[in-house]
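If you count by our numbering, then the sequence shown holds residues 157 to 215, one letter each, in order.
Ideal placement from N, C-alpha and C gives every residue a C-beta, glycine not left out.
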Amino acid sequence: MDLEYKSFVIELRGVRLLRTRHTDARQFTIPKRVRETYGVGFGDVVKILSIRPSIINKD
């Protein structure tokens with residue numbers, strides 16, 4: 157997943173999208189180290205640039 161916050165483009169790997177029960181919306185948690193590094197706080201706007209499926213080893 158790639159996101160943009162204050163003109164920083166941040167690539168997150170291994171992020172799981174969470175499905176809520178009563179809506180089609182998806183939610184995710186930004187890892188603590190990323191929140192602390194870039195200063196992402198409650199109510200800040202983060203732009204999702206892309207979401208890609210993880211590569212799963214099918215052996």
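- Asp180 has its alpha-carbon roughly 23 Å from the corresponding atom of Glu160.
- By a beta-carbon distance limit of 8 Å, Pro187 does not contact Leu174. Their separation comes to about 14 Å.
- Nearest in C-alpha terms to Arg189, of all of Gln183, Arg208, Gly197, is Gly197.
- Secondary structure of Val190 (DSSP, three-state): helix.
- Cβ-Cβ separation between Met157 and Ile207: approximately 5 Å, consistent with a contact (criterion under 8 Å).
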